[in-house]
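Below is one structure; the comments refer to it alone.
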Amino acid sequence: MSGEESVDEPVDVLLIGLGACGAVAAHVLTAAGLHVTALEAGPRRDPGQMRSDEIHNDIDGWLSWPKAIDEVPTLRMDECADASPTWWPTLMVNAVGGTAIHYPGASFRLSPWNFRSRSATIQRYGETAIPEDSTLADWPLDYDELEPYYERVEHAIGVSGADELAPFAGRRARGYPMPPLQRSGWNELTDAAARRLGWQPYPTPAALNSREYQDRPACTYCGHCSGNGCYRRAKGSPDVHLIPAAEATGRLRIVTGARATSIEVDPAHSSRISGVRYRHEGRERFAPALVVLLAAFTYENSRLLLLSRSARFPDGIGNHHGQVGAHFVPHVTPSMYGLFPGQRLNLHTGTWAQGTVVDDWNGDNFDHTGLGFLGGGALIAANEVRPIAASGQTPPDVPRWGSSWKAWLAQHAQSVGSAVAQFESLTYDGNRLDLDPVARDASGMPRVRITYRPRENERRGVAFLRTKLETWLRAAGATETWPNEAVHIEGRHVYGGTRMGEDPRDSVLDRFGFAHAAPNLGVLGGSTFVTSGGHNPTLTAQALAWRTADELVRRWSALAIH
Amino acid sequence: MTDDLRIGTLEAVLERLIPDDALGPGARAAGVVDYVVRRYAGVDGSAREQYAIGLAALDAQAADRGAEDFAGAAPELQDELLAAAEAAGLARSDASRGTAFFETVLRHAREGMFGDPVHGGNRGYAGWDLLGYPDARRVWRRDEQAIGAVVVPLTPRGALPPTTAGESSR
Numbered sequence: 001m002s003g004e005e006s007v008d009e010p011v012d013v014l015l016i017g018l019g020a021c022g023a024v025a026a027h028v029l030t031a032a033g034l035h036v037t038a039l040e041a042g043p044r045r046d047p048g049q050m051r052s053d054e055i056h057n058d059i060d061g062w063l064s065w066p067k068a069i070d071e072v073p074t075l076r077m078d079e080c081a082d083a084s085p086t087w088w089p090t091l092m093v094n095a096v097g098g099t100a101i102h103y104p105g106a107s108f109r110l111s112p113w114n115f116r117s118r119s120a121t122i123q124r125y126g127e128t129a130i131p132e133d134s135t136l137a138d139w140p141l142d143y144d145e146l147e148p149y150y151e152r153v154e155h156a157i158g159v160s161g162a163d164e165l166a167p168f169a170g171r172r173a174r175g176y177p178m179p180p181l182q183r184s185g186w187n188e189l190t191d192a193a194a195r196r197l198g199w200q201p202y203p204t205p206a207a208l209n210s211r212e213y214q215d216r217p218a219c220t221y222c223g224h225c226s227g228n229g230c231y232r233r234a235k236g237s238p239d240v241h242l243i244p245a246a247e248a249t250g251r252l253r254i255v256t257g258a259r260a261t262s263i264e265v266d267p268a269h270s271s272r273i274s275g276v277r278y279r280h281e282g283r284e285r286f287a288p289a290l291v292v293l294l295a296a297f298t299y300e301n302s303r304l305l306l307l308s309r310s311a312r313f314p315d316g317i318g319n320h321h322g323q324v325g326a327h328f329v330p331h332v333t334p335s336m337y338g339l340f341p342g343q344r345l346n347l348h349t350g351t352w353a354q355g356t357v358v359d360d361w362n363g364d365n366f367d368h369t370g371l372g373f374l375g376g377g378a379l380i381a382a383n384e385v386r387p388i389a390a391s392g393q394t395p396p397d398v399p400r401w402g403s404s405w406k407a408w409l410a411q412h413a414q415s416v417g418s419a420v421a422q423f424e425s426l427t428y429d430g431n432r433l434d435l436d437p438v439a440r441d442a443s444g445m446p447r448v449r450i451t452y453r454p455r456e457n458e459r460r461g462v463a464f465l466r467t468k469l470e471t472w473l474r475a476a477g478a479t480e481t482w483p484n485e486a487v488h489i490e491g492r493h494v495y496g497g498t499r500m501g502e503d504p505r506d507s508v509l510d511r512f513g514f515a516h517a518a519p520n521l522g523v524l525g526g527s528t529f530v531t532s533g534g535h536n537p538t539l540t541a542q543a544l545a546w547r548t549a550d551e552l553v554r555r556w557s558a559l560a561i562h
Numbered sequence: 001m002t003d004d005l006r007i008g009t010l011e012a013v014l015e016r017l018i019p020d021d022a023l024g025p026g027a028r029a030a031g032v033v034d035y036v037v038r039r040y041a042g043v044d045g046s047a048r049e050q051y052a053i054g055l056a057a058l059d060a061q062a063a064d065r066g067a068e069d070f071a072g073a074a075p076e077l078q079d080e081l082l083a084a085a086e087a088a089g090l091a092r093s094d095a096s097r098g099t100a101f102f103e104t105v106l107r108h109a110r111e112g113m114f115g116d117p118v119h120g121g122n123r124g125y126a127g128w129d130l131l132g133y134p135d136a137r138r139v140w141r142r143d144e145q146a147i148g149a150v151v152v153p154l155t156p157r158g159a160l161p162p163t164t165a166g167e168s169s170r
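Chains B and L are the protein sequences, given in the same order. Per this note's numbering, the first sequence runs over residues 1 to 562. Per this note's numbering, the second sequence runs over residues 1 to 170.
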């Protein structure tokens, strides 16, 4: 420790990152009487800053760019290649409220099958159905164990939905606190088409207020929801509800502009964490804590553990078995466009979370015999297409510029609908996160390096889901369909790196999210997921965070050795 | 530094990507040239080097084909050279396609044509009118979200204001 380092007052729980999951933990822990300090790398944001401006939000990425320039991971699709800057979308936000400020709020539960997909696959299709190099595993908890936490999060942040319409869903003790969002014409058209196909569509459950909820107003469907915060606090992002509630207890201290650089081990107790080093306003500081919860984004969670080297943990905390960074997987998300000639779809209105969802091709809700892949994904037809984006939705046989492009746009720009699938990709040996040996961020710390190569399972699954998307769009009236070839790896839906499990040899965290190697260190977020699931992840990450915080309160007297 | 920017070439390129025609104004009149110069290609632009290199290459290719430069080439030759640049970009790998010069210019042209006019492009709402997009507003009612619903823009449309796009960017 350098002589210039300042040491903070000790605190009960130190949170690294105050986003979707850190905010849940802060809410639960402060309510239980614990004193929490949150180190947040970004600033505070305010609903008054949110503008309906595609260039400001999507092109300039004013919310996500500050994090991107400092942290964006590098990527290689081949284990032997050099990595280059990631070209997938990896938009993340450094701010009080984190990336959840600008997510559109889709708030799905995983299905019971997702938690035991390995054993269920073996039972139904045999061991050989699982690719040899896949590290597919069951979760160390089942759906029923997480169900009460899903419920708590849904009611805390406010989720609008129609539980009675969702097929294949697990048991639930209570319905959603609000009815579904307003249904757009596109939602109704795609809902009717899915029913004609014999599928079972339902409205996207969303952390957006369909009516006034608690002290927050209803959504007004402005069309600038994803990539932007809500101008009127109708989105259940943590900055407008969970964090203010935790601050109101007087037990949450937030340090903005605080960049954690390493998690420190107690020299007197080699399996105990003593606190966190961080940089703040140009100074090195040390924040001692009885318990540390690491709640950054998936990439950053692995990076910080790998950067936290000591005599006890020479390869990073919890990495004795090379498990930190392992089992990394992004969602693979094929999408299709459809042309609906003469129909003005008005997709520039509303929010992405205003969607029609089909789960008939998700998980093991259909027979996979002979298909050559496992799992599937939710199909979603959503609103919120802004004008610059709309100008790029041309079929492959139409010029992308010039007078014939203008003519096509004039005739058809309002008549293009699309649907996307959240394909549940598998984890594999070799697909992982580690520290880039060359690339460093602006502060001189190594960037995260992604090594990811989709395999045959993903190729077949994507092709299968594309045919379902096409079938759906055609049933809704599309006369022509074409795939969006541009990007179908979703770098914002990323999982693993700090997997939960029973066995320290193939996981980093125990079944409650605490490190096998250091029980007073917990990790929150998508990095803890064992599998990706076939739905948007945030609600599950938040339910897990609530469960970890609950367990922390229960274990408190044992964990907090004063 | 301003001399580095081949403004005539840039104008000619953008005007071929978004031509002035029976469907409405082209890049120059719609403020797209101004937008691209100020944000990306000009002296304070974030992509000025890429523009300097890319535009110089187009001028050289036009000269190879007997024209004085790109702006002086016949529209058919201009389109041919742009199509070749497009094909070169599309032939790249997924990882680097988006950074190809043609893809960069097209992306910036679309921003300038279809982005919020507050940024200087989409002058007179030329881009939004082409798409049938009324305007950015805070509230969309259920009946306005129906298929076929047509809403009257809140922002006044009508004759384009006199353009100074070319002059102001020089």
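Using N, Cα and C, we set each Cβ at its ideal position, and we do this for glycine too.
For residue 169 of chain L, which three-state DSSP category applies? Sequence index remark: in the second sequence, residue 169 of chain L carries index 169 (1-based). Low per-residue confidence applies at residue 169 of chain L: pLDDT is 33, beneath 50, and the placement is therefore not dependable, though the value from the model is reported in the following sentence. Note: residue 169 of chain L maps to helix in three-state DSSP.
Excluding the five sequence neighbours on either side, which residues of its own chain have a C-beta within less than 7 Å of the C-beta of residue 550 of chain B, listed in chain order? Position 550 of the first sequence, counted from the start, is the residue given in the question as residue 550 of chain B. Only 28 meet the Cβ criterion.
Do you know offhand how far residue 169 of chain L's Cα is from residue 470 of chain B's? Walking along the second sequence from the start, residue 169 of chain L turns up at place 169. Walking along the first sequence from the start, residue 470 of chain B turns up at place 470. Bear in mind that a pLDDT of 33 at residue 169 of chain L, under 50, signals an unreliable position, so the model cannot answer this.
Expressed to the nearest angstrom, what Euclidean distance is found between the alpha-carbon atoms of residue 163 of chain L and residue 29 of chain L? Stepping through the second sequence from its first residue, residue 163 of chain L is reached at position 163. Stepping through the second sequence from its first residue, residue 29 of chain L is reached at position 29. Bear in mind that the predicted position of residue 163 of chain L carries a pLDDT of just 43, short of 50, making it unreliable; the figure below should be weighed with that in mind. Answer to the nearest angstrom: the Cα atoms are 6 Å apart.
Extract the residue ranges of the alpha helix (DSSP H) inside the segment 14 to 88 of chain B, only unbroken runs of 4 or more that lie entirely within it. Within the segment 14 to 88 of chain B, the complete alpha helix (DSSP H) segments of 4 residues or longer fall at 20 to 31, 65 to 71, listed in chain order.
What residues from chain B crowd round residue 34 of chain L, counting only those whose CB sits closer than 7 Å? For the purposes of this step, residue 34 of chain L is taken as the residue at position 34 of the second sequence. Under the 7 Å cutoff, chain B gives no residues; its nearest Cβ is about 14 Å from residue 34 of chain L.
Measure the Cβ-Cβ separation of residue 83 of chain B and residue 449 of chain B and say whether it is below 8 Å. Position 83 of the first sequence, counting from 1, holds the residue named residue 83 of chain B. Position 449 of the first sequence, counting from 1, holds the residue named residue 449 of chain B. Going by beta carbons, residue 83 of chain B and residue 449 of chain B fall inside the 8 Å limit.
Residue from B/302, B/535, B/273, B/512 whose Cα sits closest to the Cα of residue 527 of chain B: Residue 527 of chain B sits at position 527 when you count from the first residue of the first sequence. Closest by alpha carbon: B/302.
C-alpha gap between residue 557 of chain B and residue 290 of chain B, whole angstroms: The sequence position of residue 557 of chain B within the first sequence is 557, counting from 1. The sequence position of residue 290 of chain B within the first sequence is 290, counting from 1. The straight-line gap from Cα to Cα measures roughly 11 Å.
Residues that residue 293 of chain B bridges to, as DSSP identifies them: Position 293 of the first sequence, counted from the start, is the residue given in the question as residue 293 of chain B. Under DSSP, residue 293 of chain B takes part in a beta bridge, and its partners are B/15, B/522.
Proximity test, Cβ basis, 8 Å: residue 346 of chain B and chain L: Mapped onto the first sequence, residue 346 of chain B falls at position 346. Contacts with chain L at 8 Å (Cβ-Cβ) include residue 346 of chain B.
Taking only runs of the beta strand (DSSP E) that begin and end inside the segment 254 to 282 of chain B, which ones reach a length of at least 3 residues, in chain order? The segment 254 to 282 of chain B is shown to contain whole beta strand (DSSP E) runs of 3 or more residues at 258 to 265, 273 to 280, in chain order.
According to a CB-to-CB cut-off of less than 9 Å, which residues of the segment 138 to 160 of chain L neighbour chain B? For the segment 138 to 160 of chain L, the set of positions with a beta-carbon nearer than 9 Å to some beta-carbon of chain B reads 138, 139, 140, 141, 142, 144, 145, 146, 147, 148, 149, 150, 151 in chain order.
Any heavy atom of the ligand NAD closer than 7 Å to the Cβ of residue 4 of chain L? This structure simply doesn't include the ligand NAD, nor any ligand for that matter.
At a CB-CB cut-off below 7 Å, which residues of chain L make contact with residue 54 of chain B? Here the question's residue 54 of chain B lines up with position 54 in the first sequence. Contact of residue 54 of chain B with chain L by beta-carbon distance below 7 Å involves 115, 116.
Under the rule that 16 or more other beta-carbon atoms within 10 Å means buried, what is residue 324 of chain B, buried or exposed? Residue 324 of chain B sits at position 324 when you count from the first residue of the first sequence. By the 10 Å Cβ count, residue 324 of chain B comes out buried.
Which partner residues of residue 495 of chain B appear in the DSSP bridge assignment? Start at 1 with the first residue of the first sequence, and residue 495 of chain B comes out as number 495. B/329.
For the segment 226 to 260 of chain B, which residues have a beta carbon sitting closer than 9 Å to at least one beta carbon of chain L? Contact residues of the segment 226 to 260 of chain B toward chain L are 231, 232 (C-beta to C-beta distance below 9 Å).
When the Cα of residue 91 of chain B is compared with those of B/120, B/109, B/60, which residue comes out closest? For the purposes of this step, residue 91 of chain B is identified with residue 91 of the first sequence, where counting begins at 1. It is B/60.
Quick check: what's the CA-CA separation for residue 121 of chain B versus residue 97 of chain L? If you number the first sequence from 1, residue 121 of chain B lands on position 121. If you number the second sequence from 1, residue 97 of chain L lands on position 97. Rounded to whole angstroms, residue 121 of chain B to residue 97 of chain L spans 38 Å at the Cα level.
Residue 161 of chain L burial status per 10 Å Cβ neighbour count (16 or more: buried): Residue 161 of chain L sits at position 161 when you count from the first residue of the second sequence. Note that residue 161 of chain L scores 48 on pLDDT, short of 50, meaning its location in the model is unreliable and no value can be drawn from it.
Could you give the residue range of the alpha helix (DSSP H) that holds residue 480 of chain B? Residue numbering aside, residue 480 of chain B sits at position 480 when the first sequence is read from its first letter. Judged by DSSP secondary structure, residue 480 of chain B falls outside any alpha helix (DSSP H) and instead within the beta strand (DSSP E) spanning 480 to 483.
Top-ranked residue by Cα proximity to residue 74 of chain L, from L/42, L/127, L/9, L/145: Along the second sequence, read from residue 1 onward, the residue named residue 74 of chain L stands at position 74. Closest in alpha carbon position to residue 74 of chain L, among L/42, L/127, L/9, L/145, is L/9.
N-terminal and C-terminal residue of the beta strand (DSSP E) that residue 432 of chain B is part of: Counted from its first residue, the first sequence places residue 432 of chain B at position 432. First-last of the beta strand (DSSP E) with residue 432 of chain B: 432 to 440.
What residues in the segment 397 to 429 of chain B have a beta carbon less than 8 Å from any beta carbon of chain L? Answer in chain order: 400, 401, 402, 403, 406, 407, 409, 410, 413, 414.
What's the gap between the Cα of residue 387 of chain B and the Cα of residue 111 of chain L? Mapped onto the first sequence, residue 387 of chain B falls at position 387. Mapped onto the second sequence, residue 111 of chain L falls at position 111. Looking at the two C-alpha atoms, the distance is approximately 9 Å.
With contact counted as at least three CB pairs below 8 Å, one residue from each stretch, are the segment 202 to 216 of chain B and the segment 228 to 237 of chain B in contact? By the Cβ test, the segment 202 to 216 of chain B is in contact with the segment 228 to 237 of chain B, since at least three Cβ pairs between them sit closer than 8 Å.
Any C-beta of chain B under 8 Å from that of residue 98 of chain L: Locating residue 98 of chain L in the second sequence gives position 98, where the first residue counts as 1. Closer than 8 Å to some Cβ of chain B, the Cβ of residue 98 of chain L qualifies, so yes.
In this structure, does DSSP put residue 164 of chain L in helix, strand or coil? Residue 164 of chain L sits at position 164 when you count from the first residue of the second sequence. No answer about residue 164 of chain L holds up, because its pLDDT of 41 lies below 50 and its placement is not dependable.
Simplified DSSP state of residue 149 of chain L, which is helix, strand or coil: Position 149 of the second sequence, counting from 1, holds the residue named residue 149 of chain L. It is coil, neither helix nor strand.
Candidates B/69, B/353, B/359, B/37: closest to residue 184 of chain B by CA position: Start at 1 with the first residue of the first sequence, and residue 184 of chain B comes out as number 184. Of all alpha-carbon atoms in B/69, B/353, B/359, B/37, the one lying nearest the alpha-carbon of residue 184 of chain B is that of B/353.
Just by C-beta distance, which residues in the segment 370 to 392 of chain B are closer than 8 Å to chain L? If the cut-off is 8 Å between Cβ atoms, the segment 370 to 392 of chain B has 383, 387, 388, 390, 391, 392 near chain L.
So, does the CB of residue 223 of chain B fall closer than 8 Å to a CB anywhere in chain L? Working through the first sequence from its first residue, we reach residue 223 of chain B at position 223. For residue 223 of chain B, the closest Cβ of chain L is nearer than 8 Å.
Please tell me whether residue 137 of chain L and residue 230 of chain B are closer than 8 Å, where the distance is taken between their beta carbons. The residue you call residue 137 of chain L lines up with position 137 of the second sequence. The residue you call residue 230 of chain B lines up with position 230 of the first sequence. No, the pair does not count as a contact, with Cβ atoms beyond the cut-off.
Residues bridged to residue 285 of chain B (per DSSP): The residue given as residue 285 of chain B occupies position 285 in the first sequence. Its beta-bridge partners are B/6, B/278.
Determine, using beta carbons only, whether residue 59 of chain B comes closer than 8 Å to chain L. As a working note, residue 59 of chain B is residue 59 in the first sequence. Residue-level contact by beta carbon holds for residue 59 of chain B and chain L, with a gap shorter than 8 Å.
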